[in-house]
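**Q** Sharing a structure here in structure tokens format.
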């Protein structure tokens, strides 16, 4: 049975086998009045996630029993709250791996705890806007493109009768592409719209998320029907 939150504050799970780092994050987040739980390995984290309704999780990559990538993938089988990966591994491939597993953001160690707090706030803000779509001022709340149907108010997406289980970030990307249907959207524009941050050169975040969305849509990698790549420019949905 899932335990619901007792009040209006958000509940966050920090998963890190380094107890000092986990406690550092807990103190920083509790100062912002978030409820914070800690797990020191992936298996115990999964047990907690199946019992408690979390709004966001922060995962370390290198952990015993189950690493952060595997844990992220397991979470995404059932849950779609935002996930932040925190790790000392900083290559582009490491970042892409985390994003492909379903993470929404990636933070490198050593980090400033306040940077983590700001990124947490950004992810929770986006999720809140989705869950309260009536607060968003928009003229169009749904699109139907071919056999793809997407609704902003219910934050739902259906393709050929099958519901697509999208993370908040994935939904945001797909919704924006549908809003711009027929037009090419650059990676820079997508990143700055969805993440609200300045786009840096050689940023593979958008590409990794597009790949994951295509997988959920069962698109043929080299011949996608819906999200098309315009080489050297960006992406478009017709």
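In the working numbering, the protein residues as written are 59 to 296.
Don't be surprised by glycine CBs; every beta carbon is placed ideally from N, CA and C.
In chain order, what are the residue ranges of uninterrupted alpha helix (DSSP H) at least 4 long that sit wholly in the segment 225–250?
**A** Listed in chain order, they are 226–237.
**Q** Please state whether DSSP places residue 280 in a helix, a strand or coil.
**A** Assignment of residue 280 by DSSP, reduced to helix, strand and coil, places it in the coil class.
**Q** Pick from 278, 99, 119 and 208: whose alpha carbon is nearest that of residue 165?
**A** Residue 119 is the option with its Cα nearest to residue 165.
**Q** Ignore the nearest five residues each way along the sequence and tell me which others in residue 142's own chain have a CB closer than 8 Å to its CB.
**A** 114, 115, 116, 117, 161, 162, 163, 164, 165, 174, 177, 178 and 181
**Q** Looking at residue 281: is its Cβ nearer than 8 Å to the Cβ of residue 241?
**A** no
**Q** Need the endpoints of the alpha helix (DSSP H) that residue 150 sits in, please.
**A** Residue 150: member of the alpha helix (DSSP H) spanning 150–158, first to last residue.
**Q** Is DSSP giving residue 115 helix, strand or coil here?
**A** strand
**Q** How long is the line joining the alpha carbons of residue 77 and residue 84, rounded to whole angstroms?
**A** 10 Å
**Q** Would you identify the three-state DSSP class for residue 172, choosing helix, strand or coil?
**A** helix
**Q** With a CB to CB cut of under 7 Å and the five nearest residues on each side skipped, what residues in its chain are close to residue 236?
**A** 201, 203, 208 and 295
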